[in-house]
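The structure under discussion appears below in the form of structure tokens.
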Amino acid sequence: NTSNNSSSTSSWRVSNYEDKPQESSSSINTSTVRWTSPYSDKNKWIADMTTAYKKAGLNDNAIKNLIAKNALESGWGKSAQGDFNFGNITAGRSWKGKTVQGGDHNAAGKSITQKFRAYDSLDSYVADEIQFLKNLYDFNQDDDFDTFIGKLQGNNKGKRRYAEDVQYASKVRGVYNSI
Numbered sequence: 712n713t714s715n716n717s718s719s720t721s722s723w724r725v726s727n728y729e730d731k732p733q734e735s736s737s738s739i740n741t742s743t744v745r746w747t748s749p750y751s752d753k754n755k756w757i758a759d760m761t762t763a764y765k766k767a768g769l770n771d772n773a774i775k776n777l778i779a780k781n782a783l784e785s786g787w788g789k790s791a792q793g794d795f796n797f798g799n800i801t802a803g804r805s806w807k808g809k810t811v812q813g814g815d816h817n818a819a820g821k822s823i824t825q826k827f828r829a830y831d832s833l834d835s836y837v838a839d840e841i842q843f844l845k846n847l848y849d850f851n852q853d854d855d856f857d858t859f860i861g862k863l864q865g866n867n868k869g870k871r872r873y874a875e876d877v878q879y880a881s882k883v884r885g886v887y888n889s890i
């Protein structure tokens, strides 16, 4: 998305390795019902995310990096394209779980529709997010913020970009600095 409003709760979407809009499918796993986040309190969302990341074995450094990214993507947990999908991770062809259809923007800023992953719980989102970032963006929990965000901006083995916005790194940094 090319929006410059860092407070928008739906202005960021993830670019996965397929980086293409997904065609509509009659798959039983696809929902058109909009999920409502259980989080209206920023501090409660941060506490629950921290707990889920700690259960997944991450250190405080990685937790702060991931919370900053997810806070920007979801407006501090207030919205998500799919159930508990606070990083707005798209569902590529290999994804076998539940999906929802959602709006997105491609690199040219054109509106497109994509499938986004949906999860049964915060813990299942966190587990998948960690594996997704490890597999596609060389995520390492010991990376400092600059290395972490650099990998999301294309400094990874596949040269993939997590988001299309050229200001994504500075926006995530702003959130990171506010935590």
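The numbering of the sequence shown is this note's numbering, which starts it at 712 and goes up by one. Just so it is clear, CB atoms sit at the ideal spot from N, CA and C, and this is done for glycine as well.
C-beta atoms of Asn772 and Glu784 nearer than 8 Å: Inclusion of Asn772 and Glu784 in the CB contact set at 8 Å is not warranted, their separation being larger than that value.
By Cβ distance, which residues of its chain are closer than 7 Å to Ile757, with the 5 residues on each side in sequence left out? Excluding residues up to 5 positions away in sequence, Ile778 lie with their Cβ nearer than 7 Å to the Cβ of Ile757 in the same chain.
Taking the alpha-carbon positions, what's the Glu875 to Pro749 distance? So the alpha carbons of these two residues sit roughly 28 Å apart.
Comparing C-alpha positions only, which one of Gly820, Asp839, Ala818, Gly869 sits nearest to Phe827? For the residues Gly820, Asp839, Ala818, Gly869, the minimum Cα distance to Phe827 belongs to Asp839.
When you compare the stretch 859 to 870 with the stretch 758 to 765, are there three or more beta-carbon pairs, one atom per stretch, that lie closer than 8 Å? Contact between the stretch 859 to 870 and the stretch 758 to 765 is absent: fewer than 3 CB-CB pairs across the two stretches fall below 8 Å.
In the DSSP assignment, find the alpha helix (DSSP H) that holds Ser835 and state where it starts and stops. Note, Ser835: alpha helix (DSSP H), 833 to 848.
Roughly how many angstroms lie between the CA atoms of Ile856 and Gln825, to the nearest whole one? It is Phe, not Ile, that sits at residue 856 in the sequence shown. Cα to Cα, the separation comes out at about 29 Å.
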